[in-house]
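If you're matching positions, the sequence shown starts at 1 in the UniProt record's numbering and goes up one per residue. Have a look at the structure below, then the notes.
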Amino acid sequence: MEILIVEDEAEIAQLIQLYLEKEGFSCRICRDGITALQVFPEQKPDLVILDLMIPGLDGLEVCARIRQRPGAKDPYILMLTAKGEEIDRIIGLSTGADDYLVKPFSPRELVARVRALLRRTLRQGGQTQTYRTQHFLIDIEQRTASRFMDGVTEGAIGGAIGSDRAEALDLTTLEFELLATFMSYPGRAWNRTQLIDKLWGSNFFGDERVVDTHVARLRKKIEPDPANPTFIKTVIGVGYKFEDQAQA
Numbered sequence: 001m002e003i004l005i006v007e008d009e010a011e012i013a014q015l016i017q018l019y020l021e022k023e024g025f026s027c028r029i030c031r032d033g034i035t036a037l038q039v040f041p042e043q044k045p046d047l048v049i050l051d052l053m054i055p056g057l058d059g060l061e062v063c064a065r066i067r068q069r070p071g072a073k074d075p076y077i078l079m080l081t082a083k084g085e086e087i088d089r090i091i092g093l094s095t096g097a098d099d100y101l102v103k104p105f106s107p108r109e110l111v112a113r114v115r116a117l118l119r120r121t122l123r124q125g126g127q128t129q130t131y132r133t134q135h136f137l138i139d140i141e142q143r144t145a146s147r148f149m150d151g152v153t154e155g156a157i158g159g160a161i162g163s164d165r166a167e168a169l170d171l172t173t174l175e176f177e178l179l180a181t182f183m184s185y186p187g188r189a190w191n192r193t194q195l196i197d198k199l200w201g202s203n204f205f206g207d208e209r210v211v212d213t214h215v216a217r218l219r220k221k222i223e224p225d226p227a228n229p230t231f232i233k234t235v236i237g238v239g240y241k242f243e244d245q246a247q248a
């Protein structure tokens with residue numbers, strides 16, 4: 001798998017590269033944000049290790065621009081920073097980072113986090129399910145998701161994808177997996193720990209509030225009014241649940 005390391009401190013960048021290449025990953029190093037954005041579409045990395053404080057464009061801006069690229073490969077992003085304050089973690093996660101590691105860090109811990117992030121993709125291997133609800137259809141194997149503006153009526157599934165009533169959803173990898181998880185159990189209430197285990201696995205490192213960030217981003221893409229969600233409901237004291245009538 002391809003990993004892009006965006007780190008302006010040469011010794012740290014080379015140390016990260018050394019440990020990751022020992023694990024069989026292919027790595028490329030960039031020393032500033034502008035170069036990273038130029039290299040990104042060429043390399044199409046599976047994961048980006050992104051320092052927060054880098055020249056040119058800082059890590060937050062680079063992260064946000066990667067997430068905004070339409071049709072680009074959507075990588076996992078592990079953000080590095082010397083800052084350990086909670087507000088910095090929250091800002092980093094809100095721009096689309098998947099995990100957060102504070103300097104100084106153990107190279108072995110970094111490798112473990114990289115493997116935990118990339119395991120999300122591997123956990124999907126071999127699945128061929130298609131989930132259908134009244135307003136949504138998601139195909140795990142094809143990695144496609146669609147929303148039906150008028151809902152899905154009986155007998156209309158086969159032709160609805162190509163009709164004017166169907167809208168393809170442009171979801172990031174994590175948003176797709178989150179929606180698939182919700183649609184696999186309509187009406188089930190999920191707490192943050194359960195969603196983390198489902199999406200990240202048991203080796204998750206980070207703040208549980210990353211779940212809230214990704215739920216908010218998904219709501220913006222599927223809800224008619226994200227401030228008053230119709231489909232992804234907040235269950236007070238528990239977490240979230242997805243409400244939409246399942247289709248056989």
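Quick reminder that beta carbons are idealized off the backbone N, C-alpha and C, glycines included.
Closest Cα partner of residue i within the set the options
i           : options                   : result
G187        : A216, D225, F136 and Q245 : Q245
S26         : I5, D139 and A10          : I5
D74         : L178, E177 and T173       : T173
A180        : R143, G239, L15 and D197  : R143
D207        : I196, R217, V215 and A216 : I196
G59         : Y76, D32 and A116         : D32
T214        : E243, R67, E61 and I3     : According to the sequence shown, residue 214 is His rather than Thr. Ranking the options by Cα distance to H214, first place goes to R67.
residue 311 : D98, P55, K103 and Q129   : The question about residue 311 has no answer here: the residues shown for the chain are numbered 1 through 248.
L80         : R69, I54, A64 and Y240    : I54
V238        : T193, L117, V210 and Y100 : T193
residue 259 : L47, K198, A64 and I222   : Lying before the first or after the last residue shown, residue 259 is absent from the chain, which here runs from 1 to 248.
E2          : D99, L118 and S106        : L118
Range covered by the alpha helix (DSSP H) that runs through residue i
i    : result
G201 : Premise fails: G201 is in no alpha helix (DSSP H) and is neither H nor E.
V211 : V210 to I222
Y19  : A10 to K22
T173 : T173 to S184
Bridge-paired residues (DSSP) for residue i
i    : result
I138 : Y131 and A145
K103 : Note: K103 sits in no beta bridge, so no partner.
L78  : I49 and D99
V6   : C30 and L50
E167 : R147
A189 : K241
For residue i, the first and last residue of its enclosing beta strand (DSSP E)
i           : result
A64         : Counting along the chain, A64 falls outside any beta strand (DSSP E), though it belongs to the alpha helix (DSSP H) covering G59 to Q68.
residue 249 : Within the shown structure, residues of the chain are numbered from 1 to 248, placing residue 249 beyond reach of any answer.
T230        : No beta strand (DSSP E) contains T230, which DSSP labels as neither H nor E.
Next item on the list: Report yes or no: do the region 165-172 and the region 225-244 share at least 3 C-beta pairs separated by less than 8 Å?
Entry: no
Notebook entry, point to check: Pairing CB atoms from the region 109-118 with CB atoms from the region 18-25, are three or more of them under 8 Å?
Noted result: These segments touch.
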